[in-house]
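Asker: First residue of the sequence shown: 386, per the working numbering; consecutive thereafter. Here it is, the structure in full.
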Amino acid sequence: MNANSSGERSSAIPCGASPPGSRSSRRSTSTPSRRQAWKRPARSSEESVNWKKVFAVIRREYLERVRTKAFWIATFLVPAFFLGYMAVQFASIRKTSGERKVAVVDLTGHLAQPLASELAEREEARRQKTPGSRGIHWILEPWPVAGDLDRTKDLLRKEVLDKKLYGYLVLDPTLLEKDRAEYYSISVSEFVALEQMERAINAVLLREKIRQQGLSAALGKELEKRVDLKTLKVTSKGATEEKGGGIIAAIVFLAIMYMTFFMYGFQNLRGVIEEKTNRIVELVIASVRPTELMLGKIIGIGLVGLTQYLVWSLVAMNLSLPAIAGMMAMGEAGAPTIPVSTIGYFLLFFILGYFLYASIYTAIGAPFNTDQEAQQLAMIPSMLIVSGMAVYPAVMNNPNGGVAVFASLFPFTAPLMMFLRTAVAEPPVWQIGLSILILLLSTAGLAWLAGRIYRVGILMYGKKPTIPEILRWVRYRPGKALQPAAPTAS
386 MNANSSGERS SAIPCGASPP GSRSSRRSTS TPSRRQAWKR PARSSEESVN
436 WKKVFAVIRR EYLERVRTKA FWIATFLVPA FFLGYMAVQF ASIRKTSGER
486 KVAVVDLTGH LAQPLASELA EREEARRQKT PGSRGIHWIL EPWPVAGDLD
536 RTKDLLRKEV LDKKLYGYLV LDPTLLEKDR AEYYSISVSE FVALEQMERA
586 INAVLLREKI RQQGLSAALG KELEKRVDLK TLKVTSKGAT EEKGGGIIAA
636 IVFLAIMYMT FFMYGFQNLR GVIEEKTNRI VELVIASVRP TELMLGKIIG
686 IGLVGLTQYL VWSLVAMNLS LPAIAGMMAM GEAGAPTIPV STIGYFLLFF
736 ILGYFLYASI YTAIGAPFNT DQEAQQLAMI PSMLIVSGMA VYPAVMNNPN
786 GGVAVFASLF PFTAPLMMFL RTAVAEPPVW QIGLSILILL LSTAGLAWLA
836 GRIYRVGILM YGKKPTIPEI LRWVRYRPGK ALQPAAPTAS
């Protein structure tokens, strides 16, 4: 029997440890030497990142997604959708072209023929400018008044309903005073055709008014000419002609960033929840630290998105090459060019913005067990992304205004709005640098915060955590006791 069995239980002493009061114990409590006192503490294993394991997670996340049928269906479905959209647009353009046989009831007695000549001249000018293009061919047929005007309109209405005529035009005797004509047709939503007719009528009326004033017809031709305004973008290096290519590219790049932050940010959230639901994370976390798993997941899903964009870009380039070649063959000023700086800023703010929002979505997904539980908090980054597009008109109209400057420095709208400012204007260098610095610090801070939540949240199951509980996870340090959420009854 133990000597201490009837008395007090002695405290347990770990194996290899010296009991209190021993010589070795006294040595261990003595003041450390100078060399020991100034020795830098080794970095804890919790802080270090094993990039070899991160790359392994990236490879797993990437291959796991690109090998699925759903990925390739979605990848090729988007170009197919746009091809279908373009086909519909092309068909609608072809439908708006062709012959338009219109009866002209000319109550003035002398404007029908000049109007027909004006439309023919405009059609010929269009053909010379863009050879091979299809357009509207107007055929004007003078129509005498049978009895009274109302009876003539009834006859013409039947002709239109029987599709013998496309429409009819009534030129009132008071046209020169009232400046108003009447056009009747089954379809009055063909804005291109209506605009052509309206411009031709205005040109004829202008010449007629000039003739009545005793001036020459050549003066009317001169007065009809419009100024071709050439736009040039002023930069610190000089002025360059802006043909619209840079602005169009900026809008396309902005849409890509907007779509990426939404789609692939939410992919991170769903990926975390799916792994928790399937208990895969419990197996993975045995060999990979949570921070490494989170970092690999964010980068891997981002590479999946870049793969899709690469496929879409190749399809778009193949579709646009014939159009660009046609423009160059017609002697145009060349295909629209995209400045190198625009591409550079796009890549920079695309990467920073993706990591910023991916960190937020990952942190939101870690504490929850289902998409429904995370849905409310997932609205926060979604609203932040939308807020960036909400100020888009203000930034486009005044790229250096107060709203634009604030939106380009506020971290959650900076990726979109600072890129837009660099594409349509030339912001001060210090504002660009400050925006990048704010984004870097914000992304690093949010990634750190997401890592603190992620390392605890991915192993928590059961009831939905509250906000105070999630905040306690941020302050949690390894080695301290942490009470997990109580599991739900099965």
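All C-beta atoms, glycine included, are put in the ideal place defined by N, C-alpha and C.
Are the beta-carbon atoms belonging to Y839 and P724 less than 7 Å from one another?
Answerer: By one-based count along the sequence shown, residue 839 stands at place 454. By one-based count along the sequence shown, residue 724 stands at place 339. No, these two residues do not count as a Cβ contact at 7 Å.
Asker: Check whether the Cβ atoms of G836 and P752 sit closer than 7 Å, and answer yes or no.
Answerer: Position 451 of the sequence shown holds residue 836. Position 367 of the sequence shown holds residue 752. Cβ atoms of G836 and P752: not closer than 7 Å.
Asker: Between the beta-carbon of Y649 and the beta-carbon of I684, is there less than 7 Å?
Answerer: The residue you call residue 649 lines up with position 264 of the sequence shown. The residue you call residue 684 lines up with position 299 of the sequence shown. The answer is no: Cβ separation not under 7 Å.
Asker: Pair every Cβ in the segment 729–742 with every Cβ in the segment 492–512, then say whether three or more of these pairs are closer than 8 Å.
Answerer: no
Asker: Excluding the 5 residues preceding and the 5 following W457 in the sequence, name in chain order all residues of the same chain whose CB lies nearer than 7 Å to its CB.
Answerer: As a position in the sequence shown, residue 457 is number 72, starting the count at 1. Nothing listed; no residue qualifies.
Asker: How long is the line joining the alpha carbons of F466 and W697, rounded to whole angstroms?
Answerer: Within the sequence shown, the letter at position 81 stands for residue 466. Within the sequence shown, the letter at position 312 stands for residue 697. Approximately 12 Å, taken between the alpha carbons.
Asker: By a C-beta neighbour count over all protein chains shown, 10 Å radius and 16 as the cutoff for buried, is F922 buried or exposed?
Answerer: Outside the shown range of the chain, which is 386 to 875, sits residue 922, and nothing can be said about it.
Asker: In the DSSP assignment, find the unbroken beta strand (DSSP E) run with P554 in it and report its ends.
Answerer: Working through the sequence shown from its first residue, we reach residue 554 at position 169. According to the sequence as given, residue 554 is Leu; it is not Pro. From DSSP, the beta strand (DSSP E) with L554 extends over G552 to L556.
Asker: Distance, Cα to Cα, A510 vs E609?
Answerer: Your numbering for residue 510 matches position 125 in the sequence shown. Your numbering for residue 609 matches position 224 in the sequence shown. Going by the C-alpha atoms only, they are around 15 Å apart.
Asker: Considering just the uninterrupted stretch of the beta strand (DSSP E) at G483, what are its terminal residues?
Answerer: Indexing the sequence shown from 1 puts residue 483 at position 98. Unbroken beta strand (DSSP E) run through G483: G483 to D491.
Asker: Considering only C-alpha positions, which residue in the set L825, V780 and P850 is nearest to F804?
Answerer: Locating residue 804 in the sequence shown gives position 419, counting from the first residue. Of the candidates L825, V780 and P850, the one whose C-alpha sits nearest the C-alpha of F804 is V780.
Asker: How should W858 be labelled, buried or exposed, when 16 other C-beta atoms within 10 angstroms of its C-beta is the threshold for buried?
Answerer: As a working mapping, residue 858 is identified with position 473 in the sequence shown. By the 10 Å Cβ count, W858 comes out buried.
Asker: Mind the definition here: the segment 529–539 touches the segment 487–494 only if three or more C-beta pairs lie below 8 Å; say whether that holds.
Answerer: yes
Asker: Kindly indicate the opening and closing residues of the beta strand (DSSP E) around P527.
Answerer: Position 142 of the sequence shown holds residue 527. From DSSP, the beta strand (DSSP E) with P527 extends over I521 to P527.
Asker: With the cut-off set at 7 Å, would you say I880 and A472 are in Cβ contact?
Answerer: Nothing in the structure corresponds to residue 880, since the chain is present only between 386 and 875.
Asker: Helix, strand or coil for S726, going by three-state DSSP, please let me know.
Answerer: The residue labelled residue 726 in the question sits at position 341 within the sequence shown. If DSSP states are grouped into helix, strand and coil, S726 belongs with the helices.
Asker: Tell me the residue span of the beta strand (DSSP E) that contains S570.
Answerer: Here residue 570 refers to the residue found at position 185 of the sequence shown. Counting along the chain, the beta strand (DSSP E) containing S570 begins and ends at E567 to S570.
Asker: Would you tell me roughly how many angstroms separate the C-alpha atoms of P417 and S433, rounded to the nearest one?
Answerer: Residue mapping note: residue 417 aligns to position 32 of the sequence shown, counting from 1. Residue mapping note: residue 433 aligns to position 48 of the sequence shown, counting from 1. Low confidence applies here, because P417 scores a pLDDT of 43, under 50, leaving its location unreliable and the question unanswered by this model.
Asker: Among R611, Y551, P558 and L695, which residue has its Cα nearest to the Cα of I876?
Answerer: Since the first and last residues shown for the chain are 386 and 875, residue 876 lies out of range.
Asker: Could you check whether E446 and K661 sit closer than 7 Å to each other, using their CB atoms as the reference points?
Answerer: Against the sequence shown, residue 661 aligns to sequence position 276. Against the sequence shown, residue 446 aligns to sequence position 61. Contact: no.
Asker: Of all the options V673, N653 and V700, which has the alpha carbon lying nearest to the alpha carbon of V689?
Answerer: Here residue 689 corresponds to residue number 304 of the sequence shown, with the count starting at 1. Nearest option by C-alpha distance: N653.
Asker: From the DSSP output, in three-state form, read off S772 for me.
Answerer: Counting from one through the sequence shown, the residue named residue 772 turns up at place 387. S772 falls in the helix class under three-state DSSP.
Asker: Roughly how many whole angstroms lie between the Cα atoms of E449 and N754?
Answerer: As a position in the sequence shown, residue 449 is number 64, starting the count at 1. As a position in the sequence shown, residue 754 is number 369, starting the count at 1. Going from the Cα of E449 to the Cα of N754 covers about 21 Å.
Asker: Which two residues bound the contiguous alpha helix (DSSP H) that contains I670?
Answerer: Numbered from its first residue, the sequence shown carries residue 670 at position 285. Unbroken run through I670: none, as it is neither H nor E.
Asker: For G716, which residues from the same chain have a beta carbon less than 6 Å from its beta carbon, with the 5 sequence-adjacent residues on both sides left out?
Answerer: Along the sequence shown, read from residue 1 onward, the residue named residue 716 stands at position 331. Because G716 carries a pLDDT of 46, less than 50, the predicted location of this residue cannot be relied on, and no value is offered for it.
Asker: What would DSSP say about L856, mapped onto helix, strand or coil?
Answerer: In the sequence shown, residue 856 corresponds to position 471, counting from 1. Residue state, collapsed to three classes: helix.
Asker: Give me the residue from T747, G605, V700 and K606 with the minimum Cα distance to R655.
Answerer: Working through the sequence shown from its first residue, we reach residue 655 at position 270. Checking every option, the nearest Cα to that of R655 belongs to T747.
Asker: Buried or exposed for T847, going by 16 or more other Cβ atoms inside 10 Å?
Answerer: Residue 847 sits at position 462 when you count from the first residue of the sequence shown. Note that residue 847 is Gly in the sequence shown, not Thr. Exposed.
Asker: Taking P464 as the reference, give the member of S772, M702, L824 and G818 with the closest Cα.
Answerer: As a working mapping, residue 464 is identified with position 79 in the sequence shown. Out of S772, M702, L824 and G818, M702 has the C-alpha closest to the C-alpha of P464.
Asker: If you follow the alpha helix (DSSP H) that G842 is part of, which residue opens it and which one closes it?
Answerer: Along the sequence shown, read from residue 1 onward, the residue named residue 842 stands at position 457. Run containing G842: V814 to G842, per the alpha helix (DSSP H) assignment.
Asker: Where does the unbroken alpha helix (DSSP H) through A808 begin, and where does it stop?
Answerer: Mapped onto the sequence shown, residue 808 falls at position 423. Counting along the chain, the alpha helix (DSSP H) containing A808 begins and ends at A799 to V809.
Asker: Round the Cβ separation of R592 and A602 to the nearest angstrom and send it over; I've been treating them as touching at under 8 Å.
Answerer: Here residue 592 refers to the residue found at position 207 of the sequence shown. Here residue 602 refers to the residue found at position 217 of the sequence shown. Sure, about 6 Å apart at Cβ, within 8 Å.
Asker: What does the Cβ neighbour count give for R411, buried or exposed, with the cut at 16 atoms within 10 Å?
Answerer: Within the sequence shown, numbered from 1, the residue matching residue 411 stands at position 26. Annotation note: pLDDT 41 at R411 (below 50); position unreliable, no value reported.
Asker: What did DSSP end up calling M845 once you bin it into helix, strand or coil?
Answerer: Start at 1 with the first residue of the sequence shown, and residue 845 comes out as number 460. Reduced to three states, the DSSP call for M845 is coil.
Asker: Within the same chain, show all residues whose beta-carbon is closer than 7 Å to that of I855, passing over the 5 residues directly before and after it, in chain order.
Answerer: Looking up residue 855 in the sequence shown gives position 470. Only P752 and I838 meet the Cβ criterion.
Asker: Tell me whether A789 sits in a helix, a strand or coil according to DSSP, three-state version.
Answerer: Taking the first residue of the sequence shown as 1, we reach residue 789 at position 404. In the structure shown, A789 sits in a helix (DSSP, three-state: H, G or I).
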